[in-house]
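Here the sequence shown stands for residues 653 to 738, where the numbers follow our numbering. For every residue, glycine included, the Cβ atom is placed at its ideal position computed from N, Cα and C. Note sheet for the following structure.
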Amino acid sequence: MNLRVHSMLIRFGLKDIQDLLARSWGAAMFGRHPDARAVTVIVNVFDLPSMEGYRAGERPAWKEQYRAVLERRVASRSASLPQVLP
């Protein structure tokens, strides 16, 4: 696994930065796909039961931990800088 990706996934466990990371990942995808209008960020975790739970019939399973739908912002003229004339 890529160390940078692994580091981000570990930090994703911190609830206060999940939205920031998701927006960052979404921005990266918008950069790669300039025609995209929306990006869905989904984070799944592989939930392993304890040995006791396994003996009781629980099984490992993927569970959705986070989901966000991010829409591309339309650039407005007011957001652009005025032209500088010499």
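ask   = Taking the alpha carbon of P712 as the point to measure from, which residue in F698, D671, M660, R725 has its own alpha carbon closest?
value = Mapped onto the sequence shown, residue 712 falls at position 60. Comparing Cα positions, the closest option is F698.
Q.
Check for me: the beta strand (DSSP E) holding D699 runs from which residue to which?
A. Within the sequence shown, residue 699 is the residue found at index 47, counting from 1. Segment 690-699, the beta strand (DSSP E) holding D699.
- With a CB to CB cut of under 8 Å and the five nearest residues on each side skipped, what residues in its chain are close to I669? Residue numbering aside, residue 669 sits at position 17 when the sequence shown is read from its first letter. In chain order, R663 place their CB closer than 8 Å to the CB of I669, counting only its own chain and leaving out the 5 sequence neighbours on each side.
Could you tell me whether the Cβ atoms of E723 and R689 are closer together than 8 Å?
As a first step, residue 723 is located in the sequence shown; it is residue number 71 there, counting from the start. As a first step, residue 689 is located in the sequence shown; it is residue number 37 there, counting from the start. Yes, these two residues count as a Cβ contact at 8 Å.
Simplified DSSP assignment, three categories, for L722:
As a working note, residue 722 is residue 70 in the sequence shown. Strand at L722.
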